[in-house]
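The sequence shown runs 7 to 178 under our numbering.
Ideal Cβ positions, reconstructed from N, Cα and C, are used throughout, including at glycine.
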Amino acid sequence: MMEELLSTQEELNHQSLQTKWRLMVLISQCALLILFLPIPLVTPKPIDRLIHIDATSFQFTPAEIKVNQGDRVTIEFVSTDVVHGISIDGYDFQLTSDPGQPVTGTFVASWPGMFRFRCSVACGNLHPFMIGKLWVGPNLILIRGVLLGILAVVAAIFSLKKSKVLKTGKTS
Ligand SMILES: [Cu+2]
Numbered sequence: 007m008m009e010e011l012l013s014t015q016e017e018l019n020h021q022s023l024q025t026k027w028r029l030m031v032l033i034s035q036c037a038l039l040i041l042f043l044p045i046p047l048v049t050p051k052p053i054d055r056l057i058h059i060d061a062t063s064f065q066f067t068p069a070e071i072k073v074n075q076g077d078r079v080t081i082e083f084v085s086t087d088v089v090h091g092i093s094i095d096g097y098d099f100q101l102t103s104d105p106g107q108p109v110t111g112t113f114v115a116s117w118p119g120m121f122r123f124r125c126s127v128a129c130g131n132l133h134p135f136m137i138g139k140l141w142v143g144p145n146l147i148l149i150r151g152v153l154l155g156i157l158a159v160v161a162a163i164f165s166l167k168k169s170k171v172l173k174t175g176k177t178s
């Protein structure tokens, strides 16, 4: 009788270990899918954009701009104090503005990713820190991050439920 009970208990333990493993494998598979599956987003049609950027020692306003890949981007750039410039890493784009004199330039956002733009005129001691960011393309990193977060929450809920079931199973 006792032996029988022990063996069923062992079997139960073995089974729960197996389901735990299966769950862990399933969750890691989901995580890999989220990380590496190409997300079939409806790519937005390229448009013409006009973006105004102010330069003041030692910052750009806005310091971050977002466009979609293929957009024709026209930058209207104006300095509010001393001579400032703007050049975008990875793009052949450069403008220089005298104080209060807006200048415009256009480029096509052909390459996706994050590119820094910098002041291209030595304008003072903090000049090297005058940096902004240009994001090109749909933000897949953010989408994947959100999906991974959701998966983590689901996994946590599952493991909580599992341990509750095990505890109640032992007491009865
Ligand atoms: Cu500068």
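Rounded Cβ spacing between Ile40 and Arg150 (contact assumed at less than 8 Å): 6 Å
Report the rounded CA-to-CA distance for Arg28 versus Pro118, giving the unit in angstroms. 38 Å
Please classify Gly155 as buried or exposed, where buried requires at least 16 neighbouring CB atoms within 10 angstroms. exposed
Given a threshold of 16 other Cβ atoms within 10 Å of its Cβ, counted over all protein chains shown, does Ser169 qualify as buried or as exposed? exposed
Answer yes if the region 79-93 comes into contact with the region 101-120, meaning at least three C-beta pairs across the two stretches below 8 Å, and no otherwise. yes
Contacts around Ser178, its chain only, beta-carbon distance under 7 Å, and the 5 residues preceding and following it disregarded: Residue placement at Ser178 is flagged as unreliable, the pLDDT there being 45, under the threshold of 50; a coordinate-derived value is accordingly withheld.
In chain order, what residues place their C-beta within less than 7 Å of a heavy atom belonging to ligand 1? Phe64, His90, Gly91, Cys125, Val127, Ala128, Cys129, Gly130, His133 and Met136
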